[in-house]
Amino acid sequence: MNKPVKAISGFLGISMFMFGILKFVNPFKGWYMTQVEMSELPFQELSYWAGQFGEILVGALFLLLIFYRNFFKPSTHFGLFTLANLATVIMMCIAVYVHIHPSVPNEVLPLKIKPPVIPIVFGTLPVVNWTLYQLKPSASNT
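Numbering-wise (our numbering), the sequence shown opens with residue -16 and increments by one.
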């Protein structure tokens, strides 16, 4: 895992983990509940819990892959790394949908803005991360 991948994975790990935890605490909990309800996501109860625990688990997985890299076989590490990045992209696609849904008010969105800037950034980072992982690391960036 080269330095840029470690940096992006660390950022995603900490951010996703913390965003998941914040959804258990008011006012974030109330905002998140409103987002799920107003966006008319299917299986609202499942969507509510999957969003919270999904972010926590993916964040923890990114951090686990950074700090316990040698614990995994390379193929297992790559599979889990791919899973974490793919799960983040999927969650951010759903977040983009929530942002652009006309029934979701600005007041319950991050930064109180309707354009899905944060989900697009957080949805692009895993794609960059996974692509950089594929590059052969040089001796200077390992």
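Even glycine gets a Cβ: it sits at the ideal position worked out from N, Cα and C.
Cβ-Cβ distance between residue i and residue j below 8 Å
i: I83; j: N89; result: no
i: A127; j: P99; result: As displayed, the chain neither begins before -16 nor continues past 125, which places residue 127 out of reach and without an answer.
i: F55; j: L63; result: yes
i: Q18; j: V87; result: yes
i: N(-15); j: L94; result: no
i: W14; j: V91; result: yes
i: M21; j: Y31; result: no
i: V81; j: G106; result: no
i: F0; j: A43; result: yes
i: M75; j: P102; result: yes
Element boundaries [alpha helix (DSSP H), containing residue i]
i: F105; result: V100 to Q117
i: K95; result: Note, K95: premise wrong, no alpha helix (DSSP H); not H, not E.
i: E90; result: That residue, E90, is in no alpha helix (DSSP H); it is neither H nor E in DSSP.
i: H60; result: P57 to I83
i: L(-5); result: K(-14) to L5
i: V41; result: Q27 to F50
i: F11; result: F11 to M21
Reference residue i; option with closest CA among the options
i: T114; options: V87, L69 and I77; result: L69
i: Y137; options: I101, I103 and H60; result: A question about residue 137 goes unanswered here, because the residues of the chain that appear run from -16 up to 125.
i: E23; options: K6, A33 and P85; result: P85
At least 3 beta-carbon pairs within less than 8 Å: the stretch 45 to 57 vs the stretch -14 to -4: Judged by Cβ distances under 8 Å, the stretch 45 to 57 makes contact with the stretch -14 to -4, as three or more pairs qualify.
So does the stretch 101 to 116 actually touch the stretch 25 to 40, counting three or more Cβ pairs closer than 8 Å? Flag = no, the stretch 101 to 116 and the stretch 25 to 40 do not touch.
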